[in-house]
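Enquirer: Going by UniProt numbering, the sequence shown opens with residue 1, and the numbers climb by one from there.
We put the beta carbon where it would ideally sit given N, CA and C, even for glycine.
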Amino acid sequence: MASENVAVLTDANFKSVVSEADKPVLVDFWASWCGPCRMIAPVIDEIANEFAGKVVVGKLNVDENRQIPSEYNVMSIPTLVLIKGGQIVDKAVGYKSKQELAAMIEKAL
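#1: Would Met39 be called buried (16 or more neighbouring beta carbons within 10 Å of its own) or exposed?
#2: Which residue's Cα is closest to the Cα of Glu50: Ser3, Ile77, Thr10?
#3: Taking the C-alpha atoms as reference points, what is the distance between Trp30 and Lys54?
#4: Helix, strand or coil: how does DSSP classify Ile77 here?
#5: According to DSSP, simplified to helix, strand and coil, what is Val62?
#6: In the DSSP output, which residue or residues are listed as bridge partners for Leu9?
#7: Closer than 7 Å, CB to CB, is Ser76 near chain C or not?
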């Protein structure tokens, strides 16, 4: 079950969510058929809960939204992009542990 702290991002709302965020935004580019995406989903939920109020966490389904993944050069999934002040500050491809994601976020805070 997805965390209430994880925003559902789409091509339509992505730019407003990212530009209006006054804190870093962690975006999980994923698809329902992707095994590693399903493996990392609970980790993303835990990160969203632990960093609630410090980081905006969102998931963008690449099958339903094609414009934003193209703009961010997402070639493989899961791809995790950390955006701060509208700029990409970190990017990771593939499954990452909770510790790896937490370290990535801590650097941006």
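Expert: Working from what's here:
#1: exposed
#2: Ser3
#3: 23 Å
#4: coil
#5: coil
#6: Leu60
#7: In the displayed structure, chain C is absent; only one protein chain is listed.
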